[in-house]
Amino acid sequence: MMRFVLDRIVSAIPTLLIASIAVFAMIRLIPGDPASIMLGDLATPDQVAAIRKEMGLDGSIATQYLLWLTNILSGDFGQSIGSGDPVLPLILERFTVSATIVVAAVFLAALIAVPAGMFAAWRQHSLGDVGVVAISTLLLSIPSFWLGLMILLLFGLWLKWFPIIGYVSFNEDFWTALSYIFMPVLTLVLVELGAIVRMARAATIEVARLEYITHARAKGLSENAVIWRHAFKNAFAPTWTLIGLILGGLLGGIAVTETVFTIPGLGRLLVDAIYARDYPVVQGCILFISVIYVMVNLLVDLLYPIFDPRVAE
Amino acid sequence: MDNSADSAVVAARNLSVYVPGLNRVVDGLDFSIEPGGMLALVGESGSGKTMAARAVLGLLPPPLKVTEDSSIRFHGHELVGATADILRKVRGRRIGMVFQEPMVSLNPSMTIGGQMAEGLKLHLKLSRGEIRDRCQAMLERIKIRDPARCLTAFPHEFSGGMRQRIMLASVMLLKPELLIADEPTTALDTLVQRDVLDLMRELTRENGTAVLLISHDLGMVSHYVRDVVVMHKGRAVERGRATEVLSAPKHDYTRQLVDALPRRSAGGARSTTAREPLVTIRDLVIEYPGRRTMFGKSEPKRAVDQVALSVRQGETLALVGGSGSGKTTLGRSIVGLVGITSGSIDFRGKPIEVGTGLLARLQRRDIQIIFQDPYSSLDPRQRIGDIVGEPLKLEPDMTAAARRERVLEVFGEVGLDRDFLTRLPHQLSGGQRQRVAIARAIVRRPAFLVADEPVSALDMTVQKQILKLIRDLQERYGFACLFVSHDLGAVEQVADRVAVMQDGKIVEVGERDDIFDRPKHDYTRRLLDAAMLLDRKFDGAKGAA
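Chains as they are written, first to last, in numbering that gives the first Met the number 0: chain A, 0 to 312; chain B, 0 to 544.
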């Protein structure tokens, strides 16, 4: 078991290194010299040379990468070209906003979707099952920006229950903060619900046919004990992986939802930085997002043996 | 209801199970078992035996239902139509059930201890400590190594035989009055099979538990059970003492079943000593590398250990051994599916090529394999005609018309209709699928065929047909065959020579009759003992003698 944990942690390192090389290379591959782009059309060759030296652009690609990596590892992601602020604190601040919304949404979505999927599977072909499948298919096929706008229209404009624009941190006031994130969270819950329901349902149907479920009934267990003690863990294992993928994906930015609800999240930061050609921020964001993705999936892998002890062998 | 039925532990009268709107799966079945008695329902897949047994516990998979005029009395109490509450009090506590597949009948995500404890906690309301003591005592009783550790282990840490013992133990912990055992040993190899059945007999005798055994294996049943009911298409076609049914079957179907029991082919083994060897194996070692982790490697596992063996032109050499003996690995290595660690395998004097290179592919035209499980060895999305015709596409000069003609010819030879050309694998029965697998293997007239447990997933009567088919095709095509099997009954029917394998080593090789009649190695003797070959016990007619 200990070995499984160490193994997984160590094997995440090469993935992260490859990601860092890709991020580094991506910026270098963009045509044009970052120095001259930063300085604009009117720069003299001397100015360009000076800034190249300052940025370490005169060394070989390998030394540039190592320098960059060392800086990154010591927490120095550089400064934003636009505002001059250090990149890392900026990313962390924006990430906290996105993460609050995403974690809440994925948690709620799983809380609703897993029981719904299991319920549908247990009563396969019943009216309830057909209903759950229909709703989840419908939700899957609605684009998130449209759903977000409709929610905004309904709860924000017509019912006037929640504020339409902006974000308030939970540190300031809990209830106000809650009122601000309600609509974006609801949007994400509805968008992600469908996939999780379908996965939970399919996995449960698979498990329900297996002999150990019949065996559990043959022991005289109540139907509830059969479902929760015997079916749940086994059916949840593949769903757990999906939830991890969704969480990892969403934490990397929910640019569309953030745009619809005007939330200062990581996704918007990245999109804005791309438009502004703010390369240090773009680089920092992408690297940060890949690290988060790897970390979330690492965590999912490490917890997987709880649901399926066979993988830890 | 007469008295005999009321003294019975369980008595089924006119038991019928049906699919609403469709046919009856069980049709008017009667049986009863006295306290401590044993009864077997014997039949092939689709005979309704399993559904009859499940009906007793009210555990029919939907949409199956029991007809209203059916009756199942348990100690005189009617179970048909009983409430879910009553059924739950009977299940586990008074009627225990053991399932067929030890690999899927224990919950993989729950510890052995947790699963054993469930019944005790639910029905007897014992304290934690008491439950632990009882579970541990039971594991000791069934001779599990390190019972305390076993309680916290998960099912995947045990072999199939061990899991089946654990399953039996967990069911018998509650000392039920009736044990339903649904093909409890079908998935196990011969030696382990015997172990588990002996244990079942001991445990049920100790507790005076009556047994309803479900099996397709008339031969095995007759060694353990006094009374049998033979089922065919949902009906009981014959009943009586197992030994009498076996020696003097009255119904046509029973006769077919008895005929299908392994018996030495009268034609006898062909003497092949004079023939040239086709495949020669020298000092072969195959090791599976230990699992690589970031912190080093676990020990490599030696699956085949210093094996020397040759297969001669046109003969059938049977490779026999228990599970884990390395016989499947050896068979696959000859086809080039497994890399060898050291030693050599020569085919027609040239070393076997591994991998997918041109030489390997050319060589493989002459060497084919039939796999054990016809359900997973055919591509579920390919039509049967395409599956059989695919190997012919490697012939550069063959026209589509010629291919089709050859496919139809082979269809005829393996006994498949032209209709099958456009069908998909899932529309076929197990036996039909295995015919397709055989057709695919012989379509290019190979010189050598590896048959890896080709009949162990099939019903007895179908087994017999497939074995005969392989032998007939061998007469026609003259290919040599390595017949890998744990089933000595099947081996006795097809083999010319037999090689016995244990722990990766060949412990004995010889002519079939020598191995069966004059086994030299101790392991061979144990295998033969466990195989309970019927011809020895009942008709005594040794075909080849």
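C-beta atoms are modelled at their ideal positions from N, C-alpha and C, and glycine is treated no differently. Because the structure is a prediction, the values reported are computed rather than measured.
Can you give me the start and stop residues for the beta strand (DSSP E) that residue i sits inside?
i      : result
A:H229 : Note, A:H229: premise wrong, no beta strand (DSSP E); not H, not E.
B:P276 : P276 to Y287
B:H231 : D226 to H231
B:N206 : Segment T189 to N206 is the alpha helix (DSSP H) holding B:N206; no beta strand (DSSP E) there.
B:E507 : K504 to E510
A:R7   : Careful: A:R7 lies outside any beta strand (DSSP E), inside the alpha helix (DSSP H) at M1 to L28.
B:V79  : Premise fails: B:V79 is in no beta strand (DSSP E) and is neither H nor E.
B:D29  : R23 to I32
B:V16  : V9 to Y17
Is the Cβ of residue i closer than 8 Å to any Cβ of chain B?
i      : result
A:L126 : no
A:T240 : no
A:L151 : no
A:P183 : no
A:S73  : no
A:G116 : no
A:T213 : yes
A:S97  : no
A:S221 : yes
A:A120 : no
A:N296 : no
A:L209 : yes
Straight-line CA distance for residue i to residue j?
i      : j      : result
B:V413 : B:M166 : 40 Å
A:Y278 : B:T355 : 47 Å
B:V284 : B:T110 : 37 Å
B:G545 : B:E67  : The structure shown does not extend to residue 545 of chain B, since chain B is modelled only from 0 to 544, so the question has no answer here.
B:V353 : B:G335 : 5 Å
B:P60  : B:G503 : 42 Å
B:S44  : B:A438 : 24 Å
B:E474 : B:H222 : 36 Å
B:G477 : B:Q135 : 57 Å
A:I195 : A:C284 : 28 Å
A:S135 : A:L185 : 15 Å
A:L139 : A:V190 : 6 Å
A:I163 : A:Y179 : 8 Å
A:A49  : A:S168 : 42 Å
A:A224 : B:C149 : 23 Å
On a CA-only basis, which of the options is nearest residue i? Give me that one, please.
i      : options                           : result
B:Q99  : B:I213, B:K120, B:C149 and B:L121 : B:I213
A:D300 : A:M25, A:A311 and A:I291          : A:A311
B:D216 : B:S332, B:V16, B:P61 and B:A39    : B:A39
B:G113 : B:V103, B:I369, B:S126 and B:R131 : B:R131
A:G219 : B:R93, B:F419 and B:K142          : B:R93
B:R432 : B:R444, B:L448, B:F410 and B:P445 : B:F410
A:T62  : A:S135, A:A230 and A:F23          : A:F23
A:R122 : A:A98, A:L107 and A:I204          : A:I204
A:L110 : A:I29, A:W239 and A:L68           : A:W239
B:L211 : B:V195, B:E129, B:V41 and B:R331  : B:V41
B:P101 : A:P44, A:F118 and A:E210          : A:E210
A:T213 : B:R90, B:D418 and B:V454          : B:R90
B:L21  : B:V9, B:D29 and B:L63             : B:L63
A:A202 : A:A112, A:L302 and A:A21          : A:A112
B:V16  : B:K48, B:D282, B:G348 and B:R402  : B:K48
B:I333 : B:G323, B:S322 and B:A307         : B:A307
A:G165 : A:L249, A:L158, A:F181 and A:L153 : A:F181
Do we get a CB-CB distance below 8 Å when we pair residue i with the residues of chain A?
i      : result
B:M230 : no
B:E394 : no
B:S6   : no
B:V103 : yes
B:E129 : no
B:F410 : no
B:R274 : no
B:R182 : Note on residue identity: the sequence assigns Glu, not Arg, to residue 182 of chain B. No, its Cβ sits nowhere closer than 8 Å to a Cβ of chain A.
B:M459 : no
Name the chain D residues whose beta carbon is nearer than 9 Å to that of residue i?
i      : result
A:F306 : Judged by its chain identifiers, the structure shown contains no chain D, and its protein chains are A and B.
Between which two residues does the alpha helix (DSSP H) harbouring residue i extend?
i      : result
B:I368 : Taken as a continuous stretch (DSSP letters only), B:I368 belongs to no alpha helix (DSSP H), being part of the beta strand (DSSP E) at I366 to I369.
A:I273 : L265 to Y274
* Asked: Which parts of the region 82–143 of chain A are runs of the beta strand (DSSP E), unbroken and 3 residues or longer, counting only runs that do not cross its ends?
  -> If one requires a minimum length of 3 residues, no beta strand (DSSP E) run lies completely within the region 82–143 of chain A.
* Asked: Curious, which full-length beta strand (DSSP E) runs of at least 3 residues does the region 363–448 of chain B contain?
  -> 366–369
* Of all the beta strand (DSSP E) runs that stay within the bounds of the region 285–364 of chain B, which reach a length of 3 or more residues? -> 300–311, 315–319 and 341–346
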